[in-house]
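Enquirer: This structure is in structure tokens; I'll ask about it shortly.
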Amino acid sequence: MEPLNHEVRLIDYIPAYQVHFERLNRWWIEKYFTVEPVDVDVLGNPDKHILAKGGDIIFAAVGENIVGTVALKPIDAVSAEMTKMAVDEAYQGHKIGWKLAKGILDLARKKGLEKVILYSNTRLAPAITMYQKLGFREIPVEEGRYVRSDIKMEIILAEENPHYIIAEELLKTVNAALPLLREMSEMTAAERFSRYKWSPKEIVGHLIDSAINNNVRFIRSQQISLLEIPGYTQEFWVKGQAWQLSSWQEIIELWAVMNRHLALTIRAIPAGALNNLISINEKEPVTLQYVVTDYLHHLKHHLSQVKIIL
Numbered sequence: 001m002e003p004l005n006h007e008v009r010l011i012d013y014i015p016a017y018q019v020h021f022e023r024l025n026r027w028w029i030e031k032y033f034t035v036e037p038v039d040v041d042v043l044g045n046p047d048k049h050i051l052a053k054g055g056d057i058i059f060a061a062v063g064e065n066i067v068g069t070v071a072l073k074p075i076d077a078v079s080a081e082m083t084k085m086a087v088d089e090a091y092q093g094h095k096i097g098w099k100l101a102k103g104i105l106d107l108a109r110k111k112g113l114e115k116v117i118l119y120s121n122t123r124l125a126p127a128i129t130m131y132q133k134l135g136f137r138e139i140p141v142e143e144g145r146y147v148r149s150d151i152k153m154e155i156i157l158a159e160e161n162p163h164y165i166i167a168e169e170l171l172k173t174v175n176a177a178l179p180l181l182r183e184m185s186e187m188t189a190a191e192r193f194s195r196y197k198w199s200p201k202e203i204v205g206h207l208i209d210s211a212i213n214n215n216v217r218f219i220r221s222q223q224i225s226l227l228e229i230p231g232y233t234q235e236f237w238v239k240g241q242a243w244q245l246s247s248w249q250e251i252i253e254l255w256a257v258m259n260r261h262l263a264l265t266i267r268a269i270p271a272g273a274l275n276n277l278i279s280i281n282e283k284e285p286v287t288l289q290y291v292v293t294d295y296l297h298h299l300k301h302h303l304s305q306v307k308i309i310l
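Now the structure itself:
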């Protein structure tokens with residue numbers, strides 16, 4: 001991927017840009033799906049279907065080239081749909097879609113909107129991942145809205161989402177630690193530093209056990225306002241999972257995969273659920289926000305025991 005020769009600029013719609021709005025969107029629709037009659041109408045007449053209804057269209061420009069676009073279409077006084085996101089194939093990989101989405105969400109906030117939704121298709125995996133990183137989460141999709149849409153997402157603009165920071169820090173920690181863990185030999189990973197200490201295999205295996213148990217806590221506590229859940233006996237799990245007898249490389253790859261998934265799970269937690277209470281092993285209740293934060297601290301603590309200092 002070659003670097004861009006010019007800075008990416010976000011610019012507003014003018015009638016002369018209608019051809020670019022249609023060109024950019026027709027490309028991806030025709031590549032992955034079929035152009036529907038409603039597409040032809042909207043792409044040919046964005047003034048009528050989006051702007052005249054109080055909506056907005058912005059474009060990404062690189063030099064003199066129009067390389068991306070996205071629209072915001074009002075639903076009611078407090079919500080809108082982010083729609084018709086497209087980036088020129090020749091300019092993909094430069095986070096232009098991210099800039100467009102951030103720009104249109106900033107515009108939604110300035111307009112005082114409380115919620116933005118979008119419709120997409122799970123085949124467009126990179127786009128879905130980007131939306132989730134921006135703060136969108138999946139909600140039920142109604143039948144018949146768009147033929148090609150099988151997923152609906154929303155973002156509540158007024159929510160504070162401190163767990164997004166935890167999710168990003170978890171990913172950063174995993175990505176930094178994994179190469180260091182891979183450098184450790186099978187022999188070193190199997191060594192117990194004393195009779196009563198875990199080996200690196202068992203420590204990282206314990207972190208996998210922690211991921212298994214906390215995944216259940218993160219999900220179930222979103223449904224129940226005061227969740228009572230049993231704890232787990234760490235020594236019993238480490239022995240029962242036979243981490244000491246497992247391949248070191250397989251252990252660390254499993255640990256990485258599970259925690260990357262957990263980062264997605266954490267990011268998808270509705271902000272309103274973070275204050276839900278959990279009582280673990282009949283102890284005093286704590287909030288889901290505390291459990292999520294403590295999970296990351298626990299993971300970093302045990303990585304330091306295998307000399308992975310981040």
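Numbering (the UniProt record's numbering), first residue to last: 1 to 310. Glycine residues also receive a C-beta, built at the ideal position from the N, C-alpha and C atoms. All values derive from a computational prediction rather than experimental measurement.
1) Let's test the definition: count the other Cβ atoms within 10 Å of the Cβ of Y17 and tell me whether it reaches 16, buried, or not, exposed.
2) Please identify the residue among E284, F218, G68 and L254 whose C-alpha is closest to the C-alpha of T293.
3) Check the DSSP bridge columns for E81 and list the partner residues they point to.
4) Cα separation between W243 and K197?
5) On the DSSP bridge list, what partners appear for G68?
6) Secondary structure at M130, three-state DSSP: helix, strand or coil?
7) Quick one: any contact between the region 71-87 and the region 50-60, if contact means 3 or more CB pairs under 8 angstroms?
8) Just to confirm, is the Cβ distance from S221 to L288 under 7 angstroms?
9) Under DSSP, the alpha helix (DSSP H) around V19 begins and ends at which residues?
10) Leaving aside the five residues before and after R145 along the sequence, list all residues of the same chain whose C-beta is less than 7 angstroms from its C-beta, in chain order.
11) Are the CB atoms of N175 and R148 within a distance shorter than 7 angstroms?
12) Leaving out five residues on either side along the sequence, give the residues of the same chain with a beta carbon under 6 angstroms from the beta carbon of L181.
13) Looking only at its chain, what residues have a beta carbon closer than 8 angstroms to the beta carbon of V35, apart from the 5 residues adjacent to it on each side?
14) Please report how far the alpha carbon of residue 335 lies from the alpha carbon of T129, in whole angstroms.
15) Determine whether the beta carbon atoms of V238 and E202 lie at a separation below 7 angstroms.
16) Tell me the DSSP bridge mates of T287?
17) Three Cβ pairs or more, each shorter than 8 angstroms: is that satisfied between the region 182-197 and the region 225-236?
18) The alpha helix (DSSP H) spanning W168 covers which residue range?
19) CB of F193 to nearest heavy atom of the ligand FAD: below 6 angstroms?
20) So, using beta-carbon positions, are E89 and L157 closer together than 7 angstroms?
21) Buried or exposed: which applies to D106, given that a residue is buried once 16 or more other Cβ atoms fall within 10 Å of its Cβ?
22) Within its chain, find whatever has a CB closer than 8 angstroms to the CB of R109; leave out the 5 residues flanking it on each side and keep chain order.
23) Between the C-alpha atoms of I75 and G135, what's the straight-line distance to the nearest angstrom?
24) Please go through the same chain and pick out, in chain order, the residues whose beta-carbon is closer than 8 angstroms to the beta-carbon of S79, but skip the five residues on each side of it.
25) Write down every uninterrupted run of the beta strand (DSSP E) in the region 186-214 whose length is 3 residues or greater and which is fully enclosed by it, in chain order.
26) Going by DSSP, what residues sit across from E143 in a beta bridge?
27) Quick check on K95: does DSSP put it in helix, strand or coil?
28) Scan the region 221-279 and note each continuous beta strand (DSSP E) run of 3 residues or more that stays entirely inside, going in chain order.
29) DSSP on R109, reduced to helix/strand/coil?
30) Which one of L170, I269 and I11 has the shortest CA to CA distance from N259?
Expert: Let me spell this out:
1) buried
2) F218
3) K73 and I117
4) 14 angstroms
5) A60 and V87
6) helix
7) yes
8) yes
9) Q18 to Y32
10) Y119
11) Going by C-beta atoms, R148 is not nearer than 7 angstroms to N175.
12) I252
13) R26 and I29
14) Here the chain covers residues 1 to 310 and nothing more, so residue 335 does not appear.
15) yes
16) L277
17) no
18) Looking at the sequence shown, residue 168 is not Trp but Glu. Note, E168: alpha helix (DSSP H), P162 to R182.
19) Here there are no bound small molecules, and the ligand FAD is not part of this structure.
20) no
21) exposed
22) L157
23) Using only the alpha carbons, I get a separation of about 20 angstroms.
24) L113, E114, K115, V116 and I117
25) none
26) Looking at the DSSP assignment, E143 forms no beta bridge with any residue, so it has no partner.
27) coil
28) 226-229
29) In the three-state scheme derived from DSSP, where H, G and I count as helix and E and B as strand, R109 is classed as helix.
30) L170
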